[in-house]
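Below is one structure; the comments refer to it alone.
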Amino acid sequence: MLEIKNLNTGYDKKQVLFEVNIIAEKNKITAIIGPNGSGKSTLLKAVCGAIPSWAGEINFNGSKLNGNEPPENLKLGISFCPQGNRVFDELSVKENLEIGGYILKKKKARERIEEVLEIFPVLKERLKQDAGTLSGGEQQMLAVACALIPKPKLLLLDEPSLGLAPNLVKDIFEKFVELNKKLGIAILIVEQKVNDVLKISDRVYSLKLGRVVFDGVSTELMGNKEKLKEIFL
Ligand SMILES: Nc1ncnc2c1ncn2[C@@H]1O[C@H](COP(=O)(O)OP(=O)(O)OP(=O)(O)O)[C@@H](O)[C@H]1O
Ligand SMILES: [Mg+2]
87 MLEIKNLNTG YDKKQVLFEV NIIAEKNKIT AIIGPNGSGK STLLKAVCGA
137 IPSWAGEINF NGSKLNGNEP PENLKLGISF CPQGNRVFDE LSVKENLEIG
187 GYILKKKKAR ERIEEVLEIF PVLKERLKQD AGTLSGGEQQ MLAVACALIP
237 KPKLLLLDEP SLGLAPNLVK DIFEKFVELN KKLGIAILIV EQKVNDVLKI
287 SDRVYSLKLG RVVFDGVSTE LMGNKEKLKE IFL
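Under the numbering used here, the residues of the sequence shown are numbered 87 to 319, in order.
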């Protein structure tokens, strides 16, 4: 589905990613872990097209993404849920969902909102409420719901558990498994909550100073304190 080959990129003259190789497969959850500043968010930004790649290739279902802007990638089926501030506080839940469907025709967007609300019933009861007055967990659900409106094939999630209490992390992670296993949406997820993300992911990559330093099946790292220490030191 998604194949990143020898990706190099960064900001202005500052290189952040070096020769990064990552594969995210259909029906699988692929996790990216690593210390702060290691380039995890930069990687997702490059995949969605928010920043250009300097060298290497990003291929998605046979299309080369290099040089694409986010709306083009969205049309190909790549949806990005960025780190932090994810919803428009002053707009209602419904208006946020409508913005999520901005690339769709009005009728299609309405249909998709109905479908997505079936996945997140908690939002259905709060359509008129301002998004800023939702709880942290509900806001997170709304952010993911917005990203799902265009019916993506690949969902990019940047630290979706940020600021959530452990039980809410569990809830939202269960939703990701459902999206992945039931609806077949491939997921590339960046997470600091390593133990939690290892439980739901199939494969894991670790970045350190912009390079992949570990790549394997998630069960290999689960409970492997030595290896995890090595990755995060
Ligand atoms: N817009 C930007 N302009 C310049 N440098 C940036 C920009 N965004 C990020 N960086 C730098 O790129 C490096 C990687 O940042 P990135 O946000 O990808 O890290 P991260 O692994 O997501 O970290 P965290 O776990 O803290 O979210 C950091 O050194 C950061 O300062
Ligand atoms: Mg980040």
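For every residue, glycine included, the Cβ atom is placed at its ideal position computed from N, Cα and C.
Buried or exposed by the 16-neighbour rule on C-beta atoms within 10 Å, applied to residue i
| i | result |
| --- | --- |
| V299 | exposed |
| G218 | exposed |
| G123 | exposed |
| S149 | exposed |
| Y97 | exposed |
| L295 | exposed |
| V303 | exposed |
| A229 | buried |
| S221 | exposed |
| P238 | buried |
| N266 | buried |
| K126 | buried |
| A251 | exposed |
| G186 | buried |
| K192 | exposed |
| N281 | exposed |
Residue i versus the options, residue with shortest Cα-Cα distance
| i | options | result |
| --- | --- | --- |
| L69 | F104, E306 and A272 | Only positions 87 to 319 of the chain appear in the structure, and residue 69 is not among them; the question remains open. |
| L177 | L213, P238 and I275 | L213 |
| F318 | G120, G163 and G170 | G120 |
| N92 | L103, D98 and K99 | L103 |
| E245 | V276, S292 and L254 | V276 |
| I278 | S292, N266, G153 and E111 | In the sequence as presented, Ile is not what sits at residue 278; that position holds Gln. Ranking S292, N266, G153 and E111 by Cα distance to Q278 puts S292 first. |
| I108 | I137, K99, K100 and E143 | E143 |
| R297 | K114, T128, K237 and K99 | T128 |
| D288 | L241, V263, G309 and K311 | V263 |
| L203 | I235, V290 and K267 | I235 |
| D175 | C232, L248, E306 and D216 | D216 |
| K268 | E224, K131, I205 and S247 | I205 |
| C134 | L209, I286, F259 and I90 | I90 |
| G249 | L307, A231 and Q225 | Q225 |
| V208 | L254, L314 and L307 | L254 |
| E181 | K210, E158 and G153 | K210 |
| L101 | K313, E111, P138 and A110 | In the sequence as displayed, the identity of residue 101 is Gln instead of Leu. Closest option to Q101, Cα to Cα, is P138. |
| N147 | T305, F259, A110 and I118 | A110 |
| N154 | E306, K99, L307 and A132 | A132 |
| M227 | E158, E105 and E260 | E260 |
| I164 | R172, L151 and G170 | L151 |
| I118 | E158, A231, L243 and E201 | L243 |
Residue i: CB within 6 Å of a non-hydrogen atom of ligand 4
| i | result |
| --- | --- |
| V106 | This structure lacks ligand 4; its bound ligands are ligand 1 and ligand 2. |
Supposed contact pair residue j and residue i - C-beta distance, whole angstroms, cut 8 Å
| i | j | result |
| --- | --- | --- |
| T95 | L274 | Actually they do not touch by this definition, with Cβ atoms about 16 Å apart. |
| A141 | P156 | No, A141 and P156 are not in contact; Cβ-Cβ is about 20 Å, not under 8 Å. |
| I189 | L162 | The Cβ separation is near 11 Å, so there is no contact. |
| C167 | L241 | 7 Å |
| N113 | G270 | 6 Å |
| G183 | A231 | In the sequence under discussion, the amino acid at residue 183 is Leu, which differs from the Gly named in the question. That pair is a contact at about 6 Å. |
Counting only runs that start and end within the segment 101 to 130, where is the beta strand (DSSP E) found for 3 or more residues in a row? If one requires a minimum length of 3 residues, the beta strand (DSSP E) runs lying completely within the segment 101 to 130 are 115 to 119, in chain order.
Length-filtered (3 minimum) beta strand (DSSP E) runs lying within the segment 225 to 250: Qualifying beta strand (DSSP E) stretches, in chain order: 240 to 244.
Give me every residue whose Cβ sits closer than 7 Å to any heavy atom of ligand 2, in chain order. Qualifying residues come out as K126, S127, Q169, D244, E245 and V276.
Identify every run of the alpha helix (DSSP H) within the segment 275 to 314, keeping only runs that are complete inside it and at least 4 residues long; order them along the chain. Those alpha helix (DSSP H) runs which fall completely within the segment 275 to 314 and span 4+ residues are 280 to 286 and 304 to 307.
Which runs of the beta strand (DSSP E) at least 3 residues long sit entirely within the segment 164 to 199? Give them in chain order. Listed in chain order, the beta strand (DSSP E) elements of length 3 or more contained wholly in the segment 164 to 199 are 164 to 167.
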